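Accompanying notes for the structure given below.
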Amino acid sequence: MSAGAAFPVVDTDHAVEIAPEVFWTGYYMEDEALHCNPYLIRNGTESILIDPGSVPDFPVVGRKLFSVIKPESVTTIILNHQDPDLCASVPIFESLRENFDYDVIAHRKTIYLLKHYGIKGKFHRLDDGETAYKTPGGRELKFITTPFAHFAGAVMTYDVKSKVLFTGDILGGVGTDWELYHTDIALANMKAFMQGFMPCNKALRYALLKIESSGAELFAPQHGQIIHRDQFPSIKEALWDLKCGLDLIEDDAMKKAMVHAV
Ligand SMILES: [Fe+2]
Ligand SMILES: [Fe+2]
Numbered sequence: 005m006s007a008g009a010a011f012p013v014v015d016t017d018h019a020v021e022i023a024p025e026v027f028w029t030g031y032y033m034e035d036e037a038l039h040c041n042p043y044l045i046r047n048g049t050e051s052i053l054i055d056p057g058s059v060p061d062f063p064v065v066g067r068k069l070f071s072v073i074k075p076e077s078v079t080t081i082i083l084n085h086q087d088p089d090l091c092a093s094v095p096i097f098e099s100l101r102e103n104f105d106y107d108v109i110a111h112r113k114t115i116y117l118l119k120h121y122g123i124k125g126k127f128h129r130l131d132d133g134e135t136a137y138k139t140p141g142g143r144e145l146k147f148i149t150t151p152f153a154h155f156a157g158a159v160m161t162y163d164v165k166s167k168v169l170f171t172g173d174i175l176g177g178v179g180t181d182w183e184l185y186h187t188d189i190a191l192a193n194m195k196a197f198m199q200g201f202m203p204c205n206k207a208l209r210y211a212l213l214k215i216e217s218s219g220a221e222l223f224a225p226q227h228g229q230i231i232h233r234d235q236f237p238s239i240k241e242a243l244w245d246l247k248c249g250l251d252l253i254e255d256d257a258m259k260k261a262m263v264h265a266v
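Residue numbers for the sequence shown follow my numbering, so the first one is 5 and each next one is one higher.
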């Protein structure tokens, strides 16, 4: 760990406060390689959920979440993209409330797909670029699109007050050797996840530059480990030239595939 990144010892069987009033509410299963990191911002009497999670994780995530908030306090649900590991549980959350008076925030391309989960909250559409947003309780957020990292409409969420950047799948990791906070061991897991889930190096590089210029103190991905700002330069260096997705398909293999396709 770099100097300055003094992470506490934590009990991950409960909600973990990673910054003042910002909580990790995820579920770590020792035999699973890809586990998820849902997050909560508690802002006075309102609650903001970020990538709340999957159906099978819901009993554990819900226990952690509802130990610190009530379902009716949720004003805002942010979905950085449409994958089921981060948003399939939204209809379960909705079934615990008496009304659907809250915003579900996502990129417009993501919303096309989110509708198929049967989500009933009010969709708030984001366009490309950076969008400033205030929740009903006055929390200032910034949404930053990271095209094709890994979905066309992928979005990162920056919480201005806590200086936490929720990066979605970017900087996530895959591996059974998991801890909540980033260590050097986590870098191999991160590289494996980026290579497998990012479409190409160009998309990853763009996202890395957006992360670097965000001003965040803490980076909170939807998989893998939470990262301190001091740890980012060496991570960026390790990922900058990393071949991902299509980059890993040899040119010859691509040419052969094109010949057979016509
Ligand atoms: Fe994803
Ligand atoms: Fe994911």
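The beta carbon of each residue, even a glycine, is placed where N, CA and C say it ideally should be. Quick caveat: nothing in here was measured; it's all calculated off a predicted structure.
Query raised in the report: By Cβ distance below 7 Å, which residues in the same chain neighbour Glu183 in space, the five residues on each side in sequence not counted?
Result: Gln229
Report task. Tell me Ser58's beta-bridge partners as DSSP assigns them. Result -> According to DSSP, Ser58 bridges with nothing at all.
Requested in this report: Can you tell me which of Arg67, Glu144, Ala265, Leu145 puts its alpha carbon nearest to the alpha carbon of Gly30?
Outcome: Arg67
Query raised in the report: Is there contact here, the region 36–54 with the region 155–175, by at least three beta-carbon pairs under 8 Å?
Result: yes
Query raised in the report: I think Ala92 touches Tyr121, with their Cβ atoms under 8 Å apart; what is that distance to the nearest whole Å?
Result: 6 Å
Query - Buried versus exposed, by CB contacts within 10 Å (16 or more), Ala158 - result: buried
Query raised in the report: Are the Cβ atoms of Asn4 and Leu246 separated by less than 8 Å?
Result: Since the first residue shown for the chain is 5 and the last is 266, residue 4 is missing from the structure and cannot be characterised.
Query raised in the report: According to DSSP, what are the bridge partners of Glu21?
Result: Phe27
Report task. Rank Phe27, Cys40, Asn47 by C-alpha distance to the C-alpha of Met141 and give the top, closest one. Result -> Inspection of the sequence shows that residue 141 is occupied by Gly rather than by Met. The option with the nearest alpha carbon to Gly141 is Asn47.
Report task. Go through its chain and collect everything with a Cβ distance to Thr16's Cβ below 7 Å, but skip five positions before and after it. Result -> Tyr32, Leu184
**Report entry** Check: His120 C-beta below 7 Å from any heavy atom of ligand 1
**Finding:** no
Report task. Return yes when the Cβ of Ile22 is within less than 8 Å of the Cβ of Ala207, no when it is not. Result -> no
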